[in-house]
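Quick note on full-length UniProt numbering: the sequence shown kicks off at 1 and runs consecutively.
Beta carbons are placed, not taken as given, at the ideal position from N, Cα and C, and that holds for glycine.
Comments concern the structure below.
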Amino acid sequence: MVYAEETTPDFALETIVVTDSKIVGEGETTKVTSLNVKDKIDAGQINSVTDLLKDVAGIVVSTDPQSGTTVSMRGMTNERLVVAINGNVIENQGGLYRGRALEWDSLPVSNIKKIEIIRGASSAQYGGTWGGVINIVTTDTPGENKTYLKSSVGSYGDRKYSISNQGTSKDGKISWSVSANKRESDGFYRNNFKESHDTNLNMTYNFTDKQKLSVAITDSYRKEGTLVGNNQDSNNDNGWNSNYPTVPMAPTTTTTGNQYLDGSYREFNTKNYSLNYTDDNWKVGVYQNKQDRDDWLKYLGKPVETPKLITDNSGYNWQQSRQLGNHMLTTGIDYRKLKFKVITSSPSSLEAEMNGYFIQDNWQVNKKTLLGLGVRYDQYQSSNLLTSKEYSDKSQVSPKLNVTYQLTPQEAVYASASRVFRPPTVSDYVRWQMNYTPSNASNSNYMKYKTYNKLPDEWTLADWQKTIGQLDTENGMAYEVGWKKQFNDKFGAKVTGFFNDIDNYVIYYMGSGINSGPPTYNIDNAKIKGVEIATDYQFSKTLGMVLNYTTQHGSKSGDPLDPTGTEVTTIPKETINLGLRYNNRQGFLVALDGQRIQTVAAATTRGYTLFNLGMSYTTKNDQTVALAVNNLFDVDYEQTADFPMPGRNYSLSYQIGF
């Protein structure tokens with residue numbers, strides 16, 4: 001077996017590459033694809049990890065102006081994906097009960113080397129995922145000594161500046177990359193300005209060619225304006241400004257005197273630390289990720305600082321791999337802890353721990369058959385540290401089976417069946433707790449639900465609590481079957497079908513007049529199924545194309561708040577990705593990326609088709625000019641109901657290396 005760097009065509013991007021991933025152990029039969037960040041043309045429009053993921057087949061990135069960015073893969077959003085940096089899991093950074101689970105914008109982007117993507121749940125190394133794993137790999141072997149200066153300007157007053165340095169000592173023992181970045185933007189929506197700066201350090205000591213110790217540190221600050229209403233409604237405290245798009249009164253409260261005004265903002269201070277050791281057989285990682293969030297909200301005549309939110313995500317992992325005859329045995333430990341605190345006069349504090357132990361045997365049965373047999377044991381505990389109330393103490397053994405059969409050197413079929421255990425995130429628990437025991441029952445979602453549905457006075461808070469119940473862990477089975485073939489040196493294709501059967505599916509409810517802080521709760525079952533088709537074609541040495549299609553559907557049953565609903569409406573019905581890459585081999589690059597999103601009939605927004613264009617030219621003395629045109633055909637579309645997305649916009653950058 002060989003690695004992606006050796007088999008990926010210049011323009012194959014993230015399509016048919018099937019490789020053994022270093023993060024899951026040599027010989028792992030999990031299907032892993034690798035997105036090379038160097039292939040992305042950055043003219044200043046790439047501001048977060050999600051901007052790198054937008055054009056990846058089967059991944060949907062959607063933006064809610066109020067609650068942040070969501071990434072979904074195989075119909076599974078943030079909470080059912082595992083996101084890691086250098087194999088170290090990031091657990092739900094960010095404000096939890098204010099609508100955000102994972103703060104994608106707080107993850108480092110300037111020193112990313114590549115992004116590894118494992119689709120599905122067949123990897124025993126990572127627990128708590130249905131959709132798959134997104135592993136962000138930072139630069140650790142930068143090569144020649146270089147310093148880069150870069151600046152960019154873009155639509156909506158976007159300005160960015162960065163400086164970076166990378167290099168390796170003369171004896172090859174020490175390598176490093178360090179960067180500093182600053183960004184300012186007026187924002188597309190009213191009062192949605194952004195200011196941020198971050199510093200990143202990666203340093204590696206190479207004991208030998210295969211034995212190394214790496215440290216990574218990120219310190220970032222972000223300030224962003226809180227979205228406010230902008231419309232001509234007589235009850236809108238903000239009034240009307242024609243320079244910004246029309247949006248409803250935000251966040252959702254429409255009572256005069258209680259609406260957010262211009263000048264409201266939130267601040268995020270994020271620090272990520274990690275230490276990793278690797279050699280031929282071992283990998284050990286220790287990490288900590290901390291974030292503080294402060295919200296300063298302005299109402300009519302009364303600026304208010306809301307309670308500070310503090311998250312502290314830490315953990316360690318250990319993995320050992322050994323070759324025993326035709327068997328590659330991998331064993332490991334995965335420990336994660338997340339602490340969440342709300343600093344207020346009536347503070348809240350939650351803690352969650354997950355202990356995972358796994359073993360994987362990848363058995364080369366014969367020249368054509370590779371069989372993966374794995375098992376993972378997970379124990380999950382969560383509790384309120386202030387009241388000592390335990391919310392959950394669950395465990396499960398999850399066997400995993402996958403097989404790859406090589407029909408010919410260029411063609412293979414594969415299949416997997418995996419037991420999955422996913423506990424609710426701390427974010428899920430916070431939103432559940434807010435609704436189960438509201439601090440003000442008269443102005444709670446319980447009362448909104450009761451009033452909207454015209455329930456009798458006898459229907460009390462106890463009835464509401466009985467309806468949404470205690471939050472429980474998800475479990476079930478994930479299946480995958482697929483075929484891939486490299487027809488010749490120009491054309492390859494891959495087809496994968498997947499099916500997830502999930503009991504105790506955790507869902508949130510936004511109907512019946514509920515428009516903020518929606519309750520999370522379990523329903524009896526959800527079934528998510530779909531098909532992914534990926535192709536690439538190399539027209540010539542300078543021109544290549546990728547074309548991918550995904551169709552998926554989600555059904556549900558046993559929803560106590562929506563008993564007649566049978567469809568999971570948050571899953572796109574179809575996605576199509578088209579990518580064209582031109583490289584004249586003399587410094588000029590062009591990338592055209594298109595994506596079609598088709599929503600289900602019951603969704604609150606309609607489907608749309610977007611194209612983004614990027615061009616760059618690099619001179620022989622390492623100067624680069626790049627231009628990006630996003631939403632090339634100026635399409636009107638929405639990702640959140642009643643909030644228009646940006647039309648055609650531009651970014652222009654200049655970089656010099658010396």
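Here the alpha carbon of Leu589 sits roughly 24 Å from the alpha carbon of Thr138. Rounded to whole angstroms, the gap between the alpha carbons of Glu411 and Ala493 is 10 Å. Under the DSSP definition of a beta bridge, Trp483 partners with Val413, Val495. With 16 or more other Cβ atoms from the protein chains shown falling within 10 Å of its own Cβ, Ser175 counts as buried.
The alpha-carbon separation between Val403 and Ala121 amounts to approximately 14 Å. Sorting Val629, Phe658, Glu480 by C-alpha distance to the C-alpha of Tyr414 places Glu480 at the top. Counting only the Cα atoms, Tyr277 lies some 6 Å from Lys283. Counting along the chain, Asp463 sits inside the alpha helix (DSSP H) bounded by residues 461-468.
The alpha carbon of Gly263 has as its nearest neighbour, out of Asp393, Ser110, Glu224, the alpha carbon of Glu224. A direct Cα-to-Cα measurement between Gly558 and Gln586 gives close to 60 Å. In the three-state scheme derived from DSSP, where H, G and I count as helix and E and B as strand, Asp51 is classed as helix.
The Cβ atoms of Met645 and Gly517 lie no closer than 7 Å to each other. Annotated three-state conformation of Asp198 is strand, per DSSP. Per the coordinates, the alpha-carbon of Gln396 lies some 7 Å from the alpha-carbon of Phe421. About 6 Å separates the CB atoms of Tyr650 and Gly154; that is less than 8 Å, so the two are in contact. Around the beta-carbon of Ile571, 16 or more other beta-carbon atoms lie within 10 Å, marking it buried. Three or more beta-carbon pairs separated by less than 8 Å link the region 49-59 to the region 534-554, which places the two stretches in contact. DSSP, reduced to helix, strand and coil, places Asn475 within a strand of the structure shown. Looking from the CA of Lys450, the closest CA among Val426, Val625, Ser512 belongs to Ser512.
Its Cα nearest to that of Ala441, the residue Gln465 stands out among Gln465, Arg419, Glu353. Approximately 5 Å separates the beta-carbon atoms of Asn200 and Asn111; this is inside 8 Å, confirming the contact.
By the criterion of at least three beta-carbon pairs nearer than 8 Å, the region 130-137 is not in contact with the region 180-194. Cα atoms of Gln406 and Val286: separation of roughly 38 Å, rounded to the nearest angstrom.
For the region 493-576, the full-length beta strand (DSSP E) segments reaching 3 residues or more read 520-538, 543-557 along the chain. For a cut-off of 8 Å, the C-beta gap from Arg419 to Gly127 is around 11 Å, too long to register as a contact. The C-beta of Asn181 has 16 or more other C-beta atoms within 10 Å across all chains shown, which makes the residue buried. Of all alpha-carbon atoms in Gly332, Thr640, Arg648, Thr70, the one lying nearest the alpha-carbon of Asp634 is that of Arg648. Secondary structure at Asp428: helix, using DSSP grouped into helix, strand and coil.
Taking the Cα positions, Ile333 is about 19 Å away from Asp393.
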